[in-house]
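Numbering of the sequence shown is given in this note's numbering, commencing with residue -2 and proceeding in unit increments.
Quick reminder that beta carbons are idealized off the backbone N, C-alpha and C, glycines included.
On a predicted model such as this, the values are computed, not experimentally measured, just so you know.
Input: a single structure, listed below in C-alpha cells.
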Amino acid sequence: MRISHSIFILSLAALPLSSANAQWVSFTNQSSTRLVASTAMTGQDNIEKDFAYADFDRDGDLDLIVMRKFPGSIQSTCTGCGFFRDLLLMNENGVLTDRTSNFGQAADVAGSLGMFDEVNDRDVEAFDVDNDGWVDLITATTMSDTVNAMLGQPRVYRNLGNNASGQWQGFRFEDARIPLLFAKDGSVANPRLCDLAVADFNGDGFVDLYYVDYDTPETSGTICIDMNNDGDTTDVGECQQSPAETVTKDYDNKLLYNWGNTAGGPGPGFFYDTTTTKMTAIQLASGFGNMCNAGDFNSDGLPDILRVNTLTGGQDSAVLTNRTGASGPGQTWTLKSVYPGLAPYGQNVADLNGDGKLDFVIADDGQDRYALNTGNAADGQPNFALTVIAGSPSEFGNTISVGDLNNDGRTDVIITDVDSDLGPFCPSSGRRTKIYKNTGITGGLLAEDTTVLSTADLSNLFDVAVFDINGDGWLDMVTGGCAGLKVFINNPPVPLSFSFPSGNPATILAGSTVNVPVTISTAFGTIQPGSALLYYRINNSAWSSSALTGGTGGAYIAQLPATACGQQLNYYFSVTSASAGNPTVRSPSNAPISFYSPATTTGTVVVLDETFEGTATGWVATADAALTSGAWQLGDPIGSSVAGAPAEPTDDHTVAPGANCFVTQLSTAGQAASAHDVDGGVAYLTSPLFTNAGADVQISYWKWYYCSSTTQLDPFETSISIDGGAYVLIERDVANTSAWQLKTKKLSDAANPGQTFRIRFSIADTLTASTLEGGIDDLKITRAECIGAPPCPADISGDHLVDGSDLTMVLSGWGSSGSSDVNADGFTDGGDLAVVLGSWGQCPTQ
C-alpha cells in the first residue's frame, strides 16, 4: 500500500531548477535493464502488491521488498498454487535483482519457507525492530479466516546481518516476534489488518506497532481473477471468497509495544499486545480501518497516529495524540477527528507547504483533498485546514506515495487507482493513477500532471515505490500494477554534462601518465571557475584532486597519474555550475560510489580468439524440456526474415572467408522463420571451462538478437559460472536489433574472479506468438598483464634515479635502521653506501 515512514527518509537537498526548464520531471522506463526476475513474478500477473524499501544489506543502496496477494478484500486459501509468494529485490549496482531464494526462505518454525509462504500480506514496513543496526520487515495480514496462525497472523522477518566473513545472510521469519493476536472478545481468530504504523510510541528507544483492522468488506461472494494471464480463471487459486466477518472473529485496531530491554521480557524486537491498557476501547474501535501513519502532528517531539475509519458509521480520519504521563510517553492518548463527514480511504503524511508542520493527503471516494496543519488548539491537539485538489475526479483512489520528484524542495504526491477493497481490480480498474506536482502555491498546492507517464503506465496500479535506485540523488519509481512491475528512472535536468571524445581508458601503461580529453557541455548552467576537477586515488588511498587544464569551448584535458604494476587507479570527474542552483555534476553520475578503474598494464594477452570456423570444441548446446525448436547449432546461416526484417542472419560476423557461427537452429532454403525459431522454452549454449588463475579477463562477443513481438519480453542472457558455482547474469537483452552487435563485459562484472569460469548464453521464449532468433560469433577473451620493472632498492627517494639525493639519505641515516638501510641488515653503514654507489644512475625499466 504505501511506505508509512516515508516522512522520515525522503528528505533530499533542494536543487532549484531553471525557469527555462518547462518539463518539471521526466522518467524513462528502464525495466528491461533495471529489473532481473522471472516474468512470472514481474510481468502481467494481476496480483496486488505492496512495497517497502531500505538498505537491507548495508551496501550503500536501497533494496525493495514486494508483498503480493490476491487483490482486494478477498481471502486466500491457496497454500500451494504458487501465485502469492513475495519478492525480495536486491539493488545490485542499480539493478533490482530477485534474491528471494537466496535471502528470503529462512524460518524458525516448521513448515515455513519464509517469503515463499503464500500469506495474504496487505502491508509491509521496513524498520529495525531490535536495534541491531539492520533493517527488519514487519507485515500486516488480512482476510485469512480459514488458514492457520502461521499464515494468518502478522509477521516479523528479522534481518540476520552479516556472518563472520562479512557476507549478508538475508531475512528469517521468526514466528514468536509478534504474539498470537486475539479477537476483541478473546476468541482465537486471524485478523483482517489493512495497514501498519511504526514508531517509538513509548520513548524506550525501540519501535512499536499500530495496526488498523476492518470488518465485513463491500466485496462479497466468489471473486475470480486470471492470476497467470493465460486467458482463463480455472487454475487452482484463481477463484477465492470474500466472506463477511463473524462477530466472534471481529478485531479492533491493535497497539503493540516492543519489549525492548524490559526486565523479564523476551528481549528487543519481540512485541506484546497492550489491549486497552494504553488506548481505550473507544480509541481502538474500528469498523473499516484502511490506513494509518505515524508522525509528530502537534510538534511536541512525540510520534502520534493518524488513522482512517471508513465505509461505516462515524467514518473519518482522526489523530491519536500521544500524551506524556507519569510513566512517560505512550501511556495515554487523546482522539480527535480531523477529517469528519466525508469518505476518506487512502492517506499519507508529509510537510506539504514547508512550514515544518506535518500535513496529510486523503484519497477520498469523492474528490481527493489535502489537509494543512495550522497549529495546535488550546488542548494541544493539531488543527487542519482542508482543501479539495482541483480537478481530482470523484472516484476511488487508494495508496498514496510522497516524495520530492524534481528536487525543488517540495513534496509531490502520487495517488494510485486500484481500490484495496472493492473491484473492479485486474486486469483493469477503469481508472488511472494521479501524479500531483507540489506547486508551492497556497490554495492550489497540488496540480495533476498527466504527462509524466503514459496513460497505460498510470493505469491499474496498486502501489508506487519512490526511492533512488541508481544512486544519483534523484527519486526513481517502481510501479506495481495488474501488468506487473515496472522501473522508471528519473532523468535529472542536468545543467552541465560530461563527455569523453576518446572515451575513458580501460587500461593504462605502467609508469606513464595518461591524458584524457574531457568535454563539459552547458545545457542551461555555467561553469564555476576552477571547479572542473579530476579526483583520483591509488590502492584505495584518500581521494586527491587536480584541476582539468584548458577549458576553451568546454574542452579540457585530465592527466591521470602514473601507476606501477600491482597498483589500482580509481578516478572520477566533478564540476560545479555557477547558476541553476549551483549543483555539482559528476561523472560517473553517482561518484564517488562509482568511479572509473583502468587496469595498469604493460600489455594484453589473448586467452581465446574463437571465430567458430572450426569444430568449436567443448561448446555444448542444451535446452530445457519445454523447448520444441530453436536449439543452438553451429554452421553457416542462410538467413530468414519476418515481414522484411532479418530474423536469422544471412551471414556470420567473421570477415571472409569466415562463414560459421552459432545460431538458434539453422534454417533451410525457403523455410519460414517461425519454423526454426526458439519456441516453447529455453535454449542454452555453454562454453568449455576456461582457466584464468584468479585474474580478471575481458570477454567480448558479437550477438544477434531478433524478436518479432513489439513488447520484446523474450530475454537473451549471458551468464558466468565461476569455479563451478551458480551462473550469475552479466548481460541481458530484450531489445530487437536484427544486426550483429558487439558486447563487452569483464569477468568481475559477475563476481570476484576465481581460478576457472564458463560462459553460458541462454535465449528464452516467454511469449506465445513471437518469432525469436539469436546468434553468437567472434568471441574473444583477453587479460591485461603487467610486468613490473626490476627492483631498485638504492632509489630511496623513489624518483627512478640513484643520485645525490639517495646518497644524502644514506649519510644522514648512518648507524640507524629505516629507509636508508637499503640492504636490510638492520643498520645504515658502509654496505648500504656501497649499494648506492654501485647502482648510480637510472633505475632499470625492464
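Could you check how far apart the C-beta atoms of residue i and residue j are, in whole angstroms? I think they sit under 8 Å.
| i | j | result |
| --- | --- | --- |
| Asp301 | Leu317 | 6 Å |
| Leu624 | Asp693 | Rounded, the Cβ-Cβ distance is 34 Å, inconsistent with contact. |
| Pro558 | Trp616 | So it is not a contact: roughly 43 Å between Cβ atoms. |
| Val335 | Ile397 | With a Cβ gap of about 16 Å, Val335 and Ile397 do not count as contacting. |
| Gly866 | Ala544 | Shown here, the chain extends from -2 to 843; a query on residue 866 therefore has no answer. |
| Cys783 | Thr598 | 5 Å |
| Asn488 | Phe124 | Between Phe124 and Asn488 the Cβ distance is about 31 Å, and since that is not below 8 Å, they are no contact. |
| Asp201 | Leu253 | Not confirmed; about 13 Å, so no contact. |
So for residue i, helix, strand or coil by DSSP?
| i | result |
| --- | --- |
| Asn18 | With a pLDDT of 35 at Asn18, under the threshold of 50, the modelled position of that residue is not reliable, and the figure given next carries that caveat. Here Asn18 sits in coil by DSSP. |
| Gly835 | helix |
| Gly801 | helix |
| Met147 | helix |
| Asn24 | Going by the sequence as given, residue 24 is Phe instead of Asn. Correct three-state label for Phe24: strand. |
| Thr102 | The sequence shown places Gln at residue 102, not Thr. DSSP places Gln102 in coil when its eight states are reduced to three. |
| Ile554 | strand |
| Phe113 | helix |
| Asp848 | Residue numbering for the chain in the displayed model covers -2 to 843; residue 848 lies beyond these limits and cannot be assessed. |
| Gln738 | strand |
| Ile4 | Caution applies to Ile4, whose pLDDT of 32 falls short of 50 and renders its modelled position unreliable; the value that the coordinates give is listed next. Ile4: helix per DSSP, three-state reduction. |
| Leu85 | strand |
| Ile279 | helix |
| Asp829 | helix |
| Met140 | coil |
| Ala761 | strand |
| Met64 | strand |
| Met288 | strand |
| Arg429 | strand |
| Lys246 | helix |
| Asp648 | coil |
| Ala453 | helix |
| Val807 | helix |
| Asp409 | strand |
| Asp270 | strand |
| Met38 | helix |
Would you kindly work out how many angstroms separate the C-alpha atoms of residue i and residue j, rounded to a whole number?
| i | j | result |
| --- | --- | --- |
| Val449 | Gly343 | 22 Å |
| Ala844 | Asn319 | Past the edges of the chain, shown from -2 to 843, lies residue 844, and the structure says nothing about it. |
| Arg119 | Gly388 | 30 Å |
| Asn43 | Lys483 | 14 Å |
| Ile727 | Ser109 | 32 Å |
| Ala196 | Phe381 | 22 Å |
| Gln166 | Arg55 | 12 Å |
| Phe495 | Thr413 | 37 Å |
| Met64 | Val652 | 52 Å |
| Asp674 | Arg583 | 45 Å |
| Ala736 | Leu93 | 28 Å |
| Gly57 | Asn159 | 14 Å |
| Thr546 | Leu455 | 47 Å |
| Pro502 | Val513 | 8 Å |
| Asn287 | Phe294 | 20 Å |
| Pro326 | Lys275 | 10 Å |
| Gly812 | Ser542 | 39 Å |
| Gln564 | Ala539 | 14 Å |
| Asp621 | Ile466 | 34 Å |
| Thr309 | Gly261 | 41 Å |
Do residue i and residue j have their CB atoms nearer than 7 Å?
| i | j | result |
| --- | --- | --- |
| Gly234 | Cys78 | yes |
| Leu332 | Ala315 | yes |
| Ala347 | Ala194 | no |
| Ala680 | Gly627 | yes |
| Ala748 | Val731 | no |
| Arg82 | Thr139 | no |
| Ile222 | Cys423 | yes |
| Ser767 | Ser671 | no |
| Val832 | Leu804 | no |
| Asp409 | Phe48 | no |
| Asn250 | Val209 | yes |
| Asn373 | Asp356 | no |
Hey, would you say the C-beta of residue i is under 6 Å away from at least one heavy atom of the ligand SAM?
| i | result |
| --- | --- |
| Ser802 | Inclusion of the ligand SAM in the displayed structure is not the case, the ligand content being empty and no account of it being possible. |
Determine, using beta-carbon pairs with one atom in the stretch 826 to 840 and one in the stretch 790 to 799, whether at least three such pairs fall under 8 Å.
yes
Quick check: the stretch 565 to 579 against the stretch 601 to 619, are at least 3 beta-carbon pairs closer than 8 Å?
no
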